[in-house]
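Take a look at the structure below.
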Amino acid sequence: MLIVFLISICAYYKLTPLLLSIITVVHAEVNAILNKCSSSVRGATIYVALFPCNECSKVIIQSGIREVVYLNDFYHDTDACKASRIMFKMAGVKLRQYKPEREEILIDFES
Ligand SMILES: [Zn+2]
Numbered sequence: 003m004l005i006v007f008l009i010s011i012c013a014y015y016k017l018t019p020l021l022l023s024i025i026t027v028v029h030a031e032v033n034a035i036l037n038k039c040s041s042s043v044r045g046a047t048i049y050v051a052l053f054p055c056n057e058c059s060k061v062i063i064q065s066g067i068r069e070v071v072y073l074n075d076f077y078h079d080t081d082a083c084k085a086s087r088i089m090f091k092m093a094g095v096k097l098r099q100y101k102p103e104r105e106e107i108l109i110d111f112e113s
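For the record, in the sequence shown the residue sitting at position 14 is 16 according to the working numbering, with numbers rising by one throughout.
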């Protein structure tokens, strides 16, 4: 049902699927904060795969999260990530890149 609805929006507004995803998708960080299993995340640490974009950074800061631990900083030189760093610094949010001790973890469900 959702897919039919989204295809209809694309056709009606003459949007490409990429543009539709950009304007409709909620990023993982915002989704995590909205669907948290606690009354508040104030003072918490958030663990993310990619360094947060500027939109997610605003929500992270406003929610009171005090530390961001990220695995990958692939988009380091983009304007969105540069803006994020500035906002985090101004808000006093600690940033830390997670350095795994192992390169892979194998989970074998067969044995
Ligand atoms: Zn984001």
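Each residue gets a CB set at the ideal place from its N, CA and C atoms; glycine is no exception.
Can you tell which of F76, R68, V6, H78 has the C-alpha that lies nearest to the C-alpha of K91? For the residues F76, R68, V6, H78, the minimum Cα distance to K91 belongs to R68.
For P19, verify whether its CB is less than 7 Å away from any heavy atom of ligand 1. Checking every heavy atom of ligand 1 against the Cβ of P19, none is found closer than 7 Å.
Using a Cβ-based criterion (distance less than 7 Å to any ligand heavy atom), does H78 qualify as near ligand 1? Remark: the C-beta of H78 is outside contact range of ligand 1, defined as less than 7 Å to any heavy atom.
Would you call F53 buried or exposed, if buried means 16 or more other Cβ atoms sit within 10 Å of its Cβ? Classification of F53: buried, given that the 10 Å Cβ count is 16 or more.
Can the beta-carbon of V70 be found closer than 8 Å to that of I35? Taking 8 Å as the Cβ cut-off, V70 and I35 do not qualify as a contacting pair.
Are C55 and S23 close, meaning C-beta to C-beta below 8 Å? Cβ distance not < 8 Å, so C55 and S23 don't count as in contact.
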